[in-house]
Amino acid sequence: MGDVISLSVNIAGINLKNPVMVASGTFGYGEEYVPYVDLNIISAIVVKGLSITPREGNPPPRIVETSAGMLNSIGLQNIGIDSFINEKLPFLKKYNTKVIANFFGDSIDEYCEVVKRVDSVDGIHGLEMNISCPNKQEGWLEFGTNPDLTFRVVSAVRKHTKLPLIVKLSPNVTDVTIIAKAAADAGADAISLINTLSGMAIDIKTRKPKLANIVGGLSGPSIKPVALRMVWQVAKSVKLPIIGIGGIMTYEDALEFMIAGASAVQVGTANFIDPNVSEKIIHGIESYCEQNGINDINKIVGSVII
Amino acid sequence: MGDVISLSVNIAGINLKNPVMVASGTFGYGEEYVPYVDLNIISAIVVKGLSITPREGNPPPRIVETSAGMLNSIGLQNIGIDSFINEKLPFLKKYNTKVIANFFGDSIDEYCEVVKRVDSVDGIHGLEMNISCPNKQEGWLEFGTNPDLTFRVVSAVRKHTKLPLIVKLSPNVTDVTIIAKAAADAGADAISLINTLSGMAIDIKTRKPKLANIVGGLSGPSIKPVALRMVWQVAKSVKLPIIGIGGIMTYEDALEFMIAGASAVQVGTANFIDPNVSEKIIHGIESYCEQNGINDINKIVGSVII
Amino acid sequence: MQVVVLENKRVIGSYFKMRLSYDGVLNALPGQFIMMKVNNSYDPLLSRPMSFHRIISPNPSLEKGGRGKFEILYQVVGKGTGIMSGLKEGDKIDILGPLGRGFLIPDWMDRAIIIAGGMGVAPMMALTEEISRHEVKKSKISISVFMGVKTKDDILCREDFERIGAEVYVSTEDGSLGKKGTCVDLLKELMTNTPLFSPPSEGGGCGGAIFACGPQGMLKAIAGIAMDKKILCQVSLDKRMACGTGACLGCVIKVKSQKYACVCKEGPVFDAGEINWEML
Amino acid sequence: MQVVVLENKRVIGSYFKMRLSYDGVLNALPGQFIMMKVNNSYDPLLSRPMSFHRIISPNPSLEKGGRGKFEILYQVVGKGTGIMSGLKEGDKIDILGPLGRGFLIPDWMDRAIIIAGGMGVAPMMALTEEISRHEVKKSKISISVFMGVKTKDDILCREDFERIGAEVYVSTEDGSLGKKGTCVDLLKELMTNTPLFSPPSEGGGCGGAIFACGPQGMLKAIAGIAMDKKILCQVSLDKRMACGTGACLGCVIKVKSQKYACVCKEGPVFDAGEINWEML
Ligand SMILES: Cc1cc2nc3c(=O)[nH]c(=O)nc-3n(C[C@H](O)[C@H](O)[C@H](O)COP(=O)(O)OP(=O)(O)OC[C@H]3O[C@@H](n4cnc5c(N)ncnc54)[C@H](O)[C@@H]3O)c2cc1C
Ligand SMILES: Cc1cc2nc3c(=O)[nH]c(=O)nc-3n(C[C@H](O)[C@H](O)[C@H](O)COP(=O)(O)OP(=O)(O)OC[C@H]3O[C@@H](n4cnc5c(N)ncnc54)[C@H](O)[C@@H]3O)c2cc1C
Ligand SMILES: Cc1cc2nc3c(=O)[nH]c(=O)nc-3n(C[C@H](O)[C@H](O)[C@H](O)COP(=O)(O)O)c2cc1C
Ligand SMILES: Cc1cc2nc3c(=O)[nH]c(=O)nc-3n(C[C@H](O)[C@H](O)[C@H](O)COP(=O)(O)O)c2cc1C
Ligand code: FES
Ligand code: FES
Numbered sequence: 101m102g103d104v105i106s107l108s109v110n111i112a113g114i115n116l117k118n119p120v121m122v123a124s125g126t127f128g129y130g131e132e133y134v135p136y137v138d139l140n141i142i143s144a145i146v147v148k149g150l151s152i153t154p155r156e157g158n159p160p161p162r163i164v165e166t167s168a169g170m171l172n173s174i175g176l177q178n179i180g181i182d183s184f185i186n187e188k189l190p191f192l193k194k195y196n197t198k199v200i201a202n203f204f205g206d207s208i209d210e211y212c213e214v215v216k217r218v219d220s221v222d223g224i225h226g227l228e229m230n231i232s233c234p235n236k237q238e239g240w241l242e243f244g245t246n247p248d249l250t251f252r253v254v255s256a257v258r259k260h261t262k263l264p265l266i267v268k269l270s271p272n273v274t275d276v277t278i279i280a281k282a283a284a285d286a287g288a289d290a291i292s293l294i295n296t297l298s299g300m301a302i303d304i305k306t307r308k309p310k311l312a313n314i315v316g317g318l319s320g321p322s323i324k325p326v327a328l329r330m331v332w333q334v335a336k337s338v339k340l341p342i343i344g345i346g347g348i349m350t351y352e353d354a355l356e357f358m359i360a361g362a363s364a365v366q367v368g369t370a371n372f373i374d375p376n377v378s379e380k381i382i383h384g385i386e387s388y389c390e391q392n393g394i395n396d397i398n399k400i401v402g403s404v405i406i
Numbered sequence: 101m102g103d104v105i106s107l108s109v110n111i112a113g114i115n116l117k118n119p120v121m122v123a124s125g126t127f128g129y130g131e132e133y134v135p136y137v138d139l140n141i142i143s144a145i146v147v148k149g150l151s152i153t154p155r156e157g158n159p160p161p162r163i164v165e166t167s168a169g170m171l172n173s174i175g176l177q178n179i180g181i182d183s184f185i186n187e188k189l190p191f192l193k194k195y196n197t198k199v200i201a202n203f204f205g206d207s208i209d210e211y212c213e214v215v216k217r218v219d220s221v222d223g224i225h226g227l228e229m230n231i232s233c234p235n236k237q238e239g240w241l242e243f244g245t246n247p248d249l250t251f252r253v254v255s256a257v258r259k260h261t262k263l264p265l266i267v268k269l270s271p272n273v274t275d276v277t278i279i280a281k282a283a284a285d286a287g288a289d290a291i292s293l294i295n296t297l298s299g300m301a302i303d304i305k306t307r308k309p310k311l312a313n314i315v316g317g318l319s320g321p322s323i324k325p326v327a328l329r330m331v332w333q334v335a336k337s338v339k340l341p342i343i344g345i346g347g348i349m350t351y352e353d354a355l356e357f358m359i360a361g362a363s364a365v366q367v368g369t370a371n372f373i374d375p376n377v378s379e380k381i382i383h384g385i386e387s388y389c390e391q392n393g394i395n396d397i398n399k400i401v402g403s404v405i406i
Numbered sequence: 131m132q133v134v135v136l137e138n139k140r141v142i143g144s145y146f147k148m149r150l151s152y153d154g155v156l157n158a159l160p161g162q163f164i165m166m167k168v169n170n171s172y173d174p175l176l177s178r179p180m181s182f183h184r185i186i187s188p189n190p191s192l193e194k195g196g197r198g199k200f201e202i203l204y205q206v207v208g209k210g211t212g213i214m215s216g217l218k219e220g221d222k223i224d225i226l227g228p229l230g231r232g233f234l235i236p237d238w239m240d241r242a243i244i245i246a247g248g249m250g251v252a253p254m255m256a257l258t259e260e261i262s263r264h265e266v267k268k269s270k271i272s273i274s275v276f277m278g279v280k281t282k283d284d285i286l287c288r289e290d291f292e293r294i295g296a297e298v299y300v301s302t303e304d305g306s307l308g309k310k311g312t313c314v315d316l317l318k319e320l321m322t323n324t325p326l327f328s329p330p331s332e333g334g335g336c337g338g339a340i341f342a343c344g345p346q347g348m349l350k351a352i353a354g355i356a357m358d359k360k361i362l363c364q365v366s367l368d369k370r371m372a373c374g375t376g377a378c379l380g381c382v383i384k385v386k387s388q389k390y391a392c393v394c395k396e397g398p399v400f401d402a403g404e405i406n407w408e409m410l
Numbered sequence: 131m132q133v134v135v136l137e138n139k140r141v142i143g144s145y146f147k148m149r150l151s152y153d154g155v156l157n158a159l160p161g162q163f164i165m166m167k168v169n170n171s172y173d174p175l176l177s178r179p180m181s182f183h184r185i186i187s188p189n190p191s192l193e194k195g196g197r198g199k200f201e202i203l204y205q206v207v208g209k210g211t212g213i214m215s216g217l218k219e220g221d222k223i224d225i226l227g228p229l230g231r232g233f234l235i236p237d238w239m240d241r242a243i244i245i246a247g248g249m250g251v252a253p254m255m256a257l258t259e260e261i262s263r264h265e266v267k268k269s270k271i272s273i274s275v276f277m278g279v280k281t282k283d284d285i286l287c288r289e290d291f292e293r294i295g296a297e298v299y300v301s302t303e304d305g306s307l308g309k310k311g312t313c314v315d316l317l318k319e320l321m322t323n324t325p326l327f328s329p330p331s332e333g334g335g336c337g338g339a340i341f342a343c344g345p346q347g348m349l350k351a352i353a354g355i356a357m358d359k360k361i362l363c364q365v366s367l368d369k370r371m372a373c374g375t376g377a378c379l380g381c382v383i384k385v386k387s388q389k390y391a392c393v394c395k396e397g398p399v400f401d402a403g404e405i406n407w408e409m410l
C-alpha cells in the first residue's frame with residue numbers, strides 16, 4: 101500500500117506507460133474517440149490496418165452481433181499509408197501515447213512497400229504486421245496459416261525496418277505455436293494474438309448470409325477462452341514478448357492474459373461498448389497489484405501456476 | 101398449411117424422424133434425462149463417448165462457465181463399451197429413438213476394437229467417431245488435426261463395421277475441409293461437426309487455470325459462428341451428409357445450420373439449460389416450414405443463397 | 131455517460147417511450163442519436179442506436195440545479211429493445227452521445243415537409259419541436275407531418291405533433307385510417323396540388339424542404355421525387371451499428387463519390403443527393 | 131418447469147430470500163436442489179444450483195386449488211445471483227428439479243446435530259423443519275443447530291430455527307457473537323461435554339446424527355470427527371454444475387471406491403464415509 105506501483109512495460113523496445121493498448125480496427129485512427137476518451141491514458145494506439153494504397157473494403161452489411169461477440173467483414177477498408185502519415189499522424193503526435201501502425205498487404209512486396217514508407221517517419225513507434233491476409237500472388241494461401249509463408253513475409257519485412265516489429269497471429273490454425281516460431285525465427289520483436297476467428301451467420305428469413313462477404317471475423321468475449329489458450333501456448337514456446345488480444349472487457353480479463361504470459365494486452369471490441377474501457381482496465385490492474393502486494397506489473401507476466 | 105410436413109431425414113442410412121439429435125457428452129446415456137424428457141421425441145441420442153475400457157476422466161474442476169459458453173475437461177470419462185452394451189443399451193432400446201454410439205481410442209487399434217464389439221449389437225443404429233483425440237502411440241498427434249492420421253484411422257475403422265459411420269471433426273484446424281475430405285475418402289458415411297474449440301480460463305486470485313486439466317473444450321452459443329462457417333465450408337467440399345453441431349439453442353440456430361448445408365443437427369450444451377430444448381427446436385422447425393410453405397425439411401438443406 | 135430512467139412506458143402495442151435524465155450538458159440536435167447499452171450483460175453485447183425523440187432543456191436551468199432530459203421512442207423488435215422495455219424508474223443506463231449529424235434547418239425555409247415511415251417517427255418529434263422554435267422573416271414556419279404506417283394502431287404521436295402546430299396527414303397500408311397507401315403517396319399527392327420548391331442556395335426567397343426518416347425503400351422513393359423537383363431533402367438512415375463513432379467502419383453506405391461513408395458519423399442524416407441510391 | 135416469484139427480498143447484507151410457487155407436484159426433500167435459469171440471456175448461460183430452503187405444502191391442498199411453494203435463501207456473489215436479486219413478484223423463472231439426493235433421516239435418531247457454515251444454512255431450514263415433524267419412540271427429536279459465520283451480521287434464520295424448537299449455537303470468526311471460532315469448534319465443545327453416538331444399523335437403541343453443509347474445509351473437519359467417533363454424518367457438498375442431472379459429468383468428486391461420483395446426482399448429500407476426503 102502507498103508504494104508506487106510500476107505499470108510500465110517494454111514491448112520489443114517500445115516503452116509503454118501501462119500494458120493496455122487499443123487494438124487495430126477498433127479505435128479508428130484515434131481521432132474518432134477524442135470526444136469521449138483522454139488518449140493520453142492509453143499506452144498505445146494500434147491504428148486501423150494500413151495498406152500501400154487506400155482500400156475500399158467489403159460491401160455492407162459488414163457487422164452482425166453474435167452471442168457475446170460480433171462478426172465483422174470490414175475488409176480492411178483504410179485510407180492508405182500515405183494519407184495516414186499526412187492526415188492522421190500529425191494529430192496523434194499531439195498526444196502522449198505511442199502509435200503503432202498495423203499494416204498488411206496482398207503480397208510480400210506490398211508488405212515491404214508499406215514498411216519502407218514508415219520506417220523513418222517520426223511519430224510511429226512500432227509496427228504491427230497483420231498476417232491474416234491471403235497471398236494473392238501465390239494462390240491465396242494465408243500468410244498467417246502457412247509457416248513457410250509467415251517466415252518469408254516476416255523476413256522480408258524485417259529487412260526494411262528498424263522499428264519494433266510485432267507480428268499479429270491468426271487463430272484459425274491447427275497449431276499457433278508453429279506460426280509463432282516461424283515469425284520469431286524471421287526476426288519478429290514481439291507477437292500479438294489473436295486476430296478474429298473466422299465465422300458466419302445466416303438470416304433464416306432470406307436464407308442469405310448476414311454479411312455480404314459471407315464470412316467474417318468473430319471478436320468479443322465469446323472468443324476469450326480460445327485467445328487465452330493460444331497466448332498461453334505461444335508464451336511457452338517462443339521467447340518474445342507477447343501481446344494478448346481477444347475478448348478483453350474488464351481488468352480481470354486483462355490479468356488473465358498477463359498471468360498466462362502476455363506482457364501487454366490490446367482491447368478491441370470492448371471499445372465499441374465503452375470507449376473508456378481502457379482507463380477502467382488500467383485502474384483495475386493497478387488496484388489488483390495494490391491488493392496483492394505487487395509493485396511491478398511485470399512480475400505477474402507468465403505467473404500462471406500449473 | 102394443413103399439409104403434412106415431412107421432417108424426416110436420412111443420414112448415412114439412418115432414418116431419423118426429424119433432424120434433431122442430442123450431442124455426445126451432453127445427454128449422458130439417455131437415462132439421466134428420462135425424468136424430464138420424452139426420449140421418443142428426439143430422433144437420435146448420441147451417447148457419451150465410449151472407449152474399449154472404462155475411463156476415469158480428468159480430475160475436477162472440470163467445468164467453467166464462459167461468456168455465452170462453457171469450457172469442459174471431462175476427459176472422456178465413460179463406463180466402457182461393454183458396460184454400455186450390457187447396462188445402458190437395454191434401457192435405451194425401449195424408446196423409439198435411434199442410438200448412435202460415439203466412440204474414441206488412443207490408437208487405431210483401440211478405435212477398431214470398439215467397433216468390432218458394437219458392429220453386430222442390436223439397438224445401435226450408427227457410430228459417431230470422435231477423432232479429437234491424440235494418438236498416444238504416434239507422438240500425440242491428434243487424429244482429427246492431421247489428415248493422414250484421419251485417413252488411416254477412419255479407413256481402419258471402416259473395415260470393421262457395416263454400421264453407418266459418422267466422423268466427428270475437430271474445429272481446431274487450419275482447414276477443416278482437408279480433414280473432411282480425408283474422412284470421406286476413407287469411407288465415412290457422414291460428417292458431423294464441430295466438436296469443442298480448445299480454450300482456457302485462469303483464476304486471477306489463485307493464478308491457477310480454472311480447469312485442473314489446464315485446457316478444455318469450449319461449447320455453447322459463443323462458438324456458433326465458427327461452427328456454422330465450418331459446416332458451410334465442409335458442405336461445399338464433400339458429398340456426404342453433414343450433421344451441424346455447435347451452440348444450437350433455438351430452432352433458428354438449427355435452421356441456420358441446415359440452410360448452410362447440414363442435413364441434421366445435434367444439440368449439445370443447450371440440454372444442460374433446458375432438457376426439453378430438442379422438442380422446442382423440432383416444433384420451431386415445423387412451424388418455420390409451415391409458414392414458408394416447405395413440405396419437406398430436406399428442401400432447405402444447403403439452400404443458402406450466396 | 132450515465133443516464134437515469136425517469137419514466138418508461140408502453141405507448142401502444144409494441145411501442146414504448148422512455149424519458150431519461152442526465153447530469154451536465156448534452157447539446158443534442160434533432161436527428162442525432164445515442165448508443166445505449168441496455169444492460170451490463172454480454173448478451174446482447176453491443177449498444178443499440180436510438181434517436182432523440184424529444185430534447186428537453188433543464189428546467190430550472192442547469193445553474194439552478196435543473197437536469198437535462200430527453201426522450202426516446204422505440205419499438206420492441208428483439209432482445210435489446212425487449213430488455214429496454216423492462217427498465218424501471220431509477221435504473222441507470224450507459225449511453226454514448228449525442229452522435230452523428232443531425233438535421234440542418236435551412237434559414238430560408240418557410241415550409242417543412244416532415245415524412246415519417248413507421249418507427250421513422252422517432253426523431254421527427256425533436257425536429258418538429260426545433261423547427262417550431264425557428265422563424266423565417268419573423269413568421270412561423272409551416273410544418274406538415276406525413277405519417278405512413280401499416281395500420282391505424284401504429285400511429286404514434288399524432289396529437290403531440292398537432293399540439294406543436296404541425297398539420298398531420300396519415301396514410302395506412304390497409305386503409306384503416308387516412309389515405310390508403312404509404313407516405314410516399316401522401317408526398318405525391320401534395321406535389322400535384324401544391325407547388326413546392328427549395329430556393330437556390332444563393333437566392334433570397336423562401337421555400338420548402340423535406341425531412342424524411344423510415345424504411346430504405348420509402349426514403350429512396352422520396353429522394354427520387356425530391357431530387358427530380360430540386361427540393362432540398364434530408365433523409366435519416368438506419369444501419370446496424372457497432373461503435374456509433376466512425377471507428378469500426380461497420381455501418382457504411384455508398385455515397386455519390388463512390389466511397390463508403392459511415393452512417394453513424396457522416397450521417398445518420400444525409401442530403402438525399404449525397405447518397406448513391408443505386409448501391410444502397 | 132416454470133415457477134413464479136411470490137416474494138424476493140433482502141434478508142440482510144448480501145443475503146436474499148425468494149419465495150416461489152409452482153403448479154402441480156414437486157416432492158422435494160431437504161438437501162435436494164433446483165437448477166435455476168436466472169433469466170433468458172446467454173450471459174450467464176448456465177443455470178444456478180440452489181437448495182430448497184423451505185418446502186411449503188399447498189395450502190389449501192392441491193385438490194382444492196392450492197399451489198405448492200418453496201423458498202430459497204441465497205447470497206449475491208456474482209452475476210447470476212446478482213440478477214436473481216433483481217427479480218420481482220410475478221416474474222417467471224425456469225427451473226429443473228428437485229434434483230439429487232437429499233438428507234436421510236434415520237428412524238432411530240433422537241438427537242440431530244445440524245451444522246451450517248456460512249451459506250450452508252440454506253438447506254438446513256428445510257431439514258430442521260422436516261426433522262421436527264418426525265418422532266422417535268413417540269417423542270420429539272432434539273435438534274441442535276450450530277451456525278458458524280464470519281461476523282455477527284452474517285447470522286441468518288436464527289429465530290426461525292428457534293421457532294421450530296431447535297437450540298441454536300453460534301460461532302463467529304471475529305468473536306462478535308457466540309463462540310469465537312468456527313462451527314467445528316462448537317462441535318468439538320459438544321463432543322467433550324456430551325456423549326454422542328450413532329447406534330449400529332442393527333441396534334434397537336436411539337442416538338444422534340450429524341448433518342452438515344458449508345465450506346469444504348469445515349466439512350472435512352466435521353467428517354473427521356464424526357468418523358472418528360463413529361457418528362453417522364451426512365454432508366452436503368457444493369460443486370460447480372452445468373447440468374444438475376448427471377449428464378455432463380462436470381461436478382465429480384472422488385469417492386472411497388476411487389471412482390468419480392457426480393455431486394448433482396449421487397449427492398449433493400453424501401455419507402461422510404463415502405467421500406475420499408484426501409482427494410477432495
Ligand atoms: C441512427 C439510428 C437511430 C435509431 N433510432 C431508433 C429509435 O429512435 N427508435 C427505435 O425503435 N429504433 C431506432 N433504431 C433502430 C434500433 O436501433 C433497432 O431496432 C434496435 O437496435 C434493435 O435491437 P434489438 O436488440 O431489439 O433487435 P435485435 O434482436 O438485434 O434484432 C431484431 C430484429 O430487428 C432487426 N434490427 C436490429 N437492429 C436493427 C437496425 N439498426 N435497423 C433495422 N433493423 C434492425 C434485426 O434484423 C432483427 O430482425 C435506430 C437505428 C439507428 C441506426
Ligand atoms: C447443490 C448446490 C446447492 C446450492 N445452494 C445454494 C443456496 O441455497 N444458496 C446460495 O446462495 N448458494 C447456493 N449454492 C451456490 C450457488 O449455486 C452459487 O453461489 C451460484 O451459482 C453463484 O452464481 P453467480 O453467478 O452469482 O456467481 P459467479 O459469477 O458464477 O461466481 C462468483 C463467485 O462465486 C463462486 N462460485 C460460483 N459458483 C459457485 C458454486 N457452485 N460453489 C461455490 N462457489 C461458486 C465463483 O468462483 C466466484 O468466485 C449451491 C450450490 C450447489 C452446488
Ligand atoms: C471491426 C473490427 C475491425 C478490425 N480491423 C482489424 C485490422 O484492421 N487489423 C487487424 O490486425 N485486426 C483488426 N481487427 C481485429 C482486432 O484488432 C482484434 O484482434 C480482435 O477483434 C480480437 O480482439 P477483441 O475480441 O478484443 O475485439 C478488427 C476487429 C474488429 C472487431
Ligand atoms: C460436457 C461435455 C462433454 C462432451 N463430451 C463429448 C464426447 O464424449 N464425445 C464427443 O464427441 N463430443 C463431446 N462433447 C462435444 C459435444 O458433443 C458438441 O460437439 C460440442 O459441445 C458443441 O456443441 P454445443 O455447442 O451444442 O454444446 C462434449 C461437450 C460437452 C459440453
Ligand atoms: S457503427 Fe462503427 S463506424 Fe459506424
Ligand atoms: S452437473 Fe452435470 S453431472 Fe453434475
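Chains as they are written, first to last, in this note's numbering: chain A, 101 to 406; chain B, 101 to 406; chain C, 131 to 410; chain D, 131 to 410. C-beta: ideal position from N, C-alpha, C; glycine also.
Ligand 2 heavy atom lying under 7 Å from the CB of residue i
i: C:Gln162; result: no
i: B:Thr306; result: no
i: D:Pro179; result: yes
i: D:Lys139; result: no
Closer than 7 Å: residue i CB and nearest ligand 4 heavy atom
i: B:Ser124; result: yes
Residue from the options whose Cα sits closest to the Cα of residue i
i: A:Phe191; options: A:Cys233, A:Leu139 and A:Tyr211; result: A:Leu139
i: C:Gly250; options: C:Phe327, C:Gly344, C:Asp315 and C:Glu137; result: C:Gly344
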